[in-house]
Amino acid sequence: MASKLQVFFLVLAAIATQSLAQSPAAPAPSPPGPVNLTAILEKGGQFTTFIRLLYSTQAVNQIANQLNSSRDGLTVFAPTDNAFQNLKTGTINDLTQQQQVELVQYHILPKFYTLANFQTISNPVRTQAGDFVLTITYVANNQVNVSTGMVETPINNPLRQESPLAVYQLDKIFGPKAPASSPASSGKSDGVSSAPKAEAPAVDDAGKNINGGYGVRSMGMAFVFGVALVTMGFLS
Ligand SMILES: *[C@@H]1O[C@H](CO)[C@@H](O)[C@H](O)[C@H]1NC(C)=O
Ligand SMILES: *[C@@H]1O[C@H](CO)[C@@H](O)[C@H](O)[C@H]1NC(C)=O
Ligand SMILES: *[C@@H]1O[C@H](CO)[C@@H](O)[C@H](O)[C@H]1NC(C)=O
Numbered sequence: 001m002a003s004k005l006q007v008f009f010l011v012l013a014a015i016a017t018q019s020l021a022q023s024p025a026a027p028a029p030s031p032p033g034p035v036n037l038t039a040i041l042e043k044g045g046q047f048t049t050f051i052r053l054l055y056s057t058q059a060v061n062q063i064a065n066q067l068n069s070s071r072d073g074l075t076v077f078a079p080t081d082n083a084f085q086n087l088k089t090g091t092i093n094d095l096t097q098q099q100q101v102e103l104v105q106y107h108i109l110p111k112f113y114t115l116a117n118f119q120t121i122s123n124p125v126r127t128q129a130g131d132f133v134l135t136i137t138y139v140a141n142n143q144v145n146v147s148t149g150m151v152e153t154p155i156n157n158p159l160r161q162e163s164p165l166a167v168y169q170l171d172k173i174f175g176p177k178a179p180a181s182s183p184a185s186s187g188k189s190d191g192v193s194s195a196p197k198a199e200a201p202a203v204d205d206a207g208k209n210i211n212g213g214y215g216v217r218s219m220g221m222a223f224v225f226g227v228a229l230v231t232m233g234f235l236s
């Protein structure tokens, strides 16, 4: 009886050792230094147009300053290149510089929100673009709808949800609020919509590694459990 118990505890110890040896190091620490929105968007792989707008409107500098100085943080709804391509040709180029600035600011909330935080938000929600507000509805299970009144879209793909900056993929564009000039404008030279298409990588490298790691680890655990069962079986 005693030896049976001893073996049992030996096996337990083996399992513990195994899982200690296999457990991954603490989650990768976020890189030191200021949070870099454009780096996050570049990694996302399908935001080239929005990135270009962030630079051309100087919003990047303003965002960096706010992230550095404001304790509230920021939430950015980042429209994909596809979202821009669905706009009428020339829409963005026909905006004045000031309207482009507003368009970008319409996609930014002056506060950090995780998806879960939207459960308790009170509408309408002010954006960085002064009077431009959004209605944000928490549907269920981290499913959140954002509406301008004209455009409603679910946001379901967080690129980042870590204070002080949350970034969500947006498949539509909020606005532009006031259509620029007349519908006659169908100029061919639309620098924005001729932006190179950035294909989102089908597989996230980090994710793949993590999955591989789990696979190997659970095989190791399964083996140890198997041995434990067989051992117990022989002893009983
Ligand atoms: C942020 O990242 C982008 C893209 O990786 C880089 O070009 C830019 O210099 C970075 N900005 C800062 C302030 O580190
Ligand atoms: C961040 O703010 C501090 C002061 O609040 C300032 O000294 C520092 O230069 C700022 N850093 C950046 C990258 O703007
Ligand atoms: C959320 O948005 C989707 C797509 O626009 C819509 O079909 C759905 O009814 C919305 N749900 C709520 C609760 O507003």
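In terms of UniProt numbering, the sequence shown opens at residue 1 and continues consecutively. We put the beta carbon where it would ideally sit given N, CA and C, even for glycine. Quick caveat: nothing in here was measured; it's all calculated off a predicted structure.
Cα separation between residue i and residue j?
| i | j | result |
| --- | --- | --- |
| alanine 83 | glycine 45 | 14 Å |
| asparagine 157 | threonine 96 | 30 Å |
| valine 144 | tyrosine 113 | 12 Å |
| lysine 188 | asparagine 86 | The pLDDT assigned to lysine 188 is 39, lower than 50, so where the model puts this residue is not dependable, and the model offers no usable value. |
| glycine 149 | leucine 134 | 8 Å |
| valine 167 | alanine 78 | 7 Å |
| proline 164 | asparagine 65 | 12 Å |
| leucine 53 | glycine 90 | 14 Å |
| glutamine 128 | threonine 49 | 20 Å |
| serine 147 | lysine 88 | 20 Å |
| asparagine 93 | serine 122 | 34 Å |
| lysine 43 | isoleucine 51 | 11 Å |
| lysine 172 | alanine 59 | 20 Å |
| phenylalanine 132 | phenylalanine 47 | 23 Å |
| tyrosine 55 | glycine 130 | 20 Å |
Restricting to Cα atoms, I'd like to know which of the options is closest to residue i.
| i | options | result |
| --- | --- | --- |
| serine 57 | Ala166, Ile136, Gln99 and Thr48 | It is threonine, not serine, that sits at residue 57 in the sequence shown. It is Gln99. |
| tyrosine 106 | Val35, Pro176 and Pro34 | Pro176 |
| proline 154 | Gln161, Glu162, Tyr138 and Pro164 | Tyr138 |
| alanine 140 | Leu165, Phe118 and Thr148 | Phe118 |
| glutamate 162 | Gly130, Glu42, Ile51 and Leu115 | Leu115 |
| arginine 71 | Pro110, Asn142 and Ile121 | Pro110 |
| threonine 120 | Phe47, Asn142, Asp131 and Ile63 | Asn142 |
| phenylalanine 174 | Ile63, Val104 and Gly130 | Val104 |
Cβ of residue i versus every heavy atom of ligand 4: is any distance shorter than 7 Å?
| i | result |
| --- | --- |
| alanine 129 | Of the ligands one can find in the structure shown, namely ligand 1, ligand 2 and ligand 3, none is ligand 4. |
Report yes if the CB atom of residue i is closer than 8 Å to the CB atom of residue j, and no otherwise.
| i | j | result |
| --- | --- | --- |
| leucine 74 | isoleucine 108 | yes |
| leucine 170 | threonine 80 | yes |
| proline 34 | asparagine 68 | yes |
Hey, residue i and residue j are a contact pair by Cβ (cut 8 Å); roughly how many whole angstroms apart?
| i | j | result |
| --- | --- | --- |
| valine 76 | leucine 37 | 6 Å |
| valine 125 | isoleucine 136 | 5 Å |
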